[in-house]
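**Q** Below is a structure I'd like to ask you about.
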Amino acid sequence: MRGIVIKSTGSSYLVHTDDGKTQECIIKGNFRIKGIKSTNPVAVGDYVKIAHASEDTPAYIVDIEERRNYIIRRSSNLSKLSHILACNLDMCLLVVTINHPETSTVFIDRFLASARAYRIPVTLLFNKVDLYNETELERMNELITLYRSIGYECLICNALQGDGIEEINNLLKDNVTLISGNSGVGKSTLINRLLPNLNLRTSQISEKHNTGMHTTTFSEMFPLPYGGWIIDSPGIKGFGLYDMNPEEISHYFTEIFEYSDGCKYGNCTHTNEPHCAVKKAVEDGKISISRYASYLSMLEDDEEGKYRSN
Ligand code: GDP
Ligand code: ZN
Numbered sequence: 001m002r003g004i005v006i007k008s009t010g011s012s013y014l015v016h017t018d019d020g021k022t023q024e025c026i027i028k029g030n031f032r033i034k035g036i037k038s039t040n041p042v043a044v045g046d047y048v049k050i051a052h053a054s055e056d057t058p059a060y061i062v063d064i065e066e067r068r069n070y071i072i073r074r075s076s077n078l079s080k081l082s083h084i085l086a087c088n089l090d091m092c093l094l095v096v097t098i099n100h101p102e103t104s105t106v107f108i109d110r111f112l113a114s115a116r117a118y119r120i121p122v123t124l125l126f127n128k129v130d131l132y133n134e135t136e137l138e139r140m141n142e143l144i145t146l147y148r149s150i151g152y153e154c155l156i157c158n159a160l161q162g163d164g165i166e167e168i169n170n171l172l173k174d175n176v177t178l179i180s181g182n183s184g185v186g187k188s189t190l191i192n193r194l195l196p197n198l199n200l201r202t203s204q205i206s207e208k209h210n211t212g213m214h215t216t217t218f219s220e221m222f223p224l225p226y227g228g229w230i231i232d233s234p235g236i237k238g239f240g241l242y243d244m245n246p247e248e249i250s251h252y253f254t255e256i257f258e259y260s261d262g263c264k265y266g267n268c269t270h271t272n273e274p275h276c277a278v279k280k281a282v283e284d285g286k287i288s289i290s291r292y293a294s295y296l297s298m299l300e301d302d303e304e305g306k307y308r309s310n
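For the sequence shown, our numbering gives the first residue as 1, with consecutive numbering after it.
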């Protein structure tokens with residue numbers, strides 16, 4: 001039987017099978033996914049094959065289908081192991097707020113660059129529009145203009161009262177979507193709106209397999225009533241990048257990458273080099289200063305080795 005992993009606790013998994021049932025499964029044998037040193041061999045979003053001998057025995061995950069994509073983060077700062085947060089995503093919905101709390105453009109841009117590295121499209125959702133004063137509304141519109149100009153879809157909503165939910169439903173339909181954002185921006189409020197049947201949020205995983213792990217740090221996937229899935233990952237604020245070198249970072253800032261064609265040096269990092277077309281474009285207002293600042297902040301992290309897995 002084939003199915004999709006909708007929840008993982010580290011030792012057991014909930015699998016939604018093709019016949020519409022939800023089955024708790026454990027892993028048989030030793031799975032190794034090539035190229036990834038991961039703490040979790042099976043992740044939310046994985047398509048798996050399960051074998052279930054009888055009602056009295058546990059169901060086993062016996063095979064994992066190749067992943068279309070995955071997002072990953074380092075297990076801890078010191079660890080070389082990584083943790084796969086979710087896989088086979090169609091898109092990310094990044095919930096942001098202008099105020100209450102303020103989402104920084106650096107945070108947004110890092111998220112966008114990471115998602116681009118994983119080739120996962122992102123839609124920006126500006127939440128809490130009901131709370132903004134005139135200046136904040138202006139700021140929101142500036143950001144929407146900026147992000148649309150570099151190819152990102154932007155939506156506006158008030159998750160508390162439900163304004164803008166229709167458009168979000170249209171976007172999510174038939175897709176697997178990771179919902180992300182800083183804490184306090186309204187992710188839970190939004191998810192509660194999108195899922196009419198909230199019992200789903202407390203899907204049962206039996207206690208005996210759930211030894212000492214906080215389930216809240218694991219991603220969980222919920223079916224949407226009109227088709228598609230959303231993935232709630234309380235543990236994720238952003239997600240980190242792996243094995244990225246400085247040249248690569250600029251590839252994930254579309255507009256910077258485009259202008260870099262005109263730089264004198266092929267390996268220009270757009271910092272101190274002469275005849276840099278990117279810096280010129282920033283000066284001319286063709287690349288936004290905030291985007292360039294985010295790019296520089298990612299470069300700085302790279303110098304500190306934050307994106308390297310070893
Ligand atoms: P999370 O940490 O991202 O899951 O954020 P929550 O969903 O817990 O929301 C944080 C707070 O913001 C709660 O008090 C919500 O009621 C409130 N909130 C969420 N969305 C909106 C909104 O669109 N408008 C207003 N006024 N408050 C909101
Ligand atoms: Zn340059």
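Cβ atoms here follow ideal geometry from the backbone N, Cα and C, with glycine treated the same way. Please read these numbers as outputs of a predicted model, since none were measured by experiment.
As a quick exercise: from Gln161, Lys173, Glu142, pick the residue whose alpha carbon is nearest that of Thr189.
**A** For the purposes of this step, residue 189 is identified with residue 189 of the sequence shown, where counting begins at 1. Ranking the options by Cα distance to Thr189, first place goes to Gln161.
**Q** Starting from His275, follow its DSSP beta bridges and name the residues at the other end.
**A** Residue 275 sits at position 275 when you count from the first residue of the sequence shown. Bridge partners of His275: none, in fact.
**Q** Quick check on Ser135: does DSSP put it in helix, strand or coil?
**A** Here the question's residue 135 lines up with position 135 in the sequence shown. Here residue 135 is Thr; the residue named in the question, Ser, does not match the sequence. Three-state result, Thr135: helix.
**Q** Classify Asn127: buried if its beta carbon has 16 or more other beta carbons within 10 angstroms, exposed otherwise.
**A** The residue you call residue 127 lines up with position 127 of the sequence shown. So Asn127 counts as buried.
**Q** Does DSSP put Asn170 in a helix, a strand or coil?
**A** Counting from one through the sequence shown, the residue named residue 170 turns up at place 170. DSSP places Asn170 in helix when its eight states are reduced to three.
**Q** Which term fits Leu14, buried or exposed, when burial requires 16 or more other beta carbons within 10 angstroms of its beta carbon?
**A** The residue given as residue 14 occupies position 14 in the sequence shown. With 16 or more other Cβ atoms within 10 Å, it is buried.
**Q** Is any heavy atom in the ligand ZN found nearer than 7 Å to the beta carbon of Glu273?
**A** Residue mapping note: residue 273 aligns to position 273 of the sequence shown, counting from 1. Yes.
**Q** What did DSSP end up calling Ala59 once you bin it into helix, strand or coil?
**A** Locating residue 59 in the sequence shown gives position 59, counting from the first residue. DSSP places Ala59 in strand when its eight states are reduced to three.
**Q** With a threshold of 7 Å on Cβ separation, who are the neighbours of Ile191 within its own chain once the five nearest residues in sequence on each side are excluded?
**A** Sequence index remark: in the sequence shown, residue 191 carries index 191 (1-based). Once the five neighbours on either side are set aside, the close Cβ partners of Ile191 are Ile179, Ile230, Asp232.
**Q** Measuring only the C-alpha atoms, how far is Leu200 from Lys280?
**A** Here residue 200 refers to the residue found at position 200 when the sequence shown is read from its first residue. Here residue 280 refers to the residue found at position 280 when the sequence shown is read from its first residue. Residue placement at Leu200 is flagged as unreliable, the pLDDT there being 38, under the threshold of 50; the coordinate-derived value follows with that caveat. Approximately 52 Å between the Cα atoms of the pair.
**Q** Helix or strand or just coil, what does DSSP make of Met221?
**A** The sequence position of residue 221 within the sequence shown is 221, counting from 1. Strand at Met221.
**Q** For Ala115, collect the residues of the same chain with a Cβ closer than 7 Å to its Cβ; drop the 5 residues on either side in sequence, then sort them by chain order.
**A** In the sequence shown, residue 115 corresponds to position 115, counting from 1. Only Cys92, Val122 meet the Cβ criterion.
**Q** Sorry if obvious, but does the Cβ on Asn158 come closer than 7 Å to a heavy atom of the ligand PLP?
**A** You won't find the ligand PLP in this model; what it holds is the ligand GDP and the ligand ZN.
**Q** When every heavy atom of the ligand ZN is checked, does at least one fall within less than 7 Å of the C-beta of His270?
**A** In the sequence shown, counting from the first residue as 1, residue 270 sits at position 270. Under cutoff, so the answer is yes.
**Q** Just the Cα atoms here: how many angstroms apart are Leu112 and Tyr252?
**A** The residue you call residue 112 lines up with position 112 of the sequence shown. The residue you call residue 252 lines up with position 252 of the sequence shown. Approximately 8 Å between the Cα atoms of the pair.
**Q** Consult DSSP for Val42 and reduce its assignment to one of helix, strand or coil.
**A** Within the sequence shown, the letter at position 42 stands for residue 42. It is coil, neither helix nor strand.
**Q** In this structure, how does DSSP classify Val48 when only helix, strand and coil are distinguished?
**A** Residue numbering aside, residue 48 sits at position 48 when the sequence shown is read from its first letter. Residue state, collapsed to three classes: strand.
**Q** Taking 7 Å as the cut-off, does the CB of Leu131 come closer than this to any heavy atom belonging to the ligand GDP?
**A** Walking along the sequence shown from the start, residue 131 turns up at place 131. Yes, the ligand GDP has a heavy atom inside 7 Å of this Cβ.
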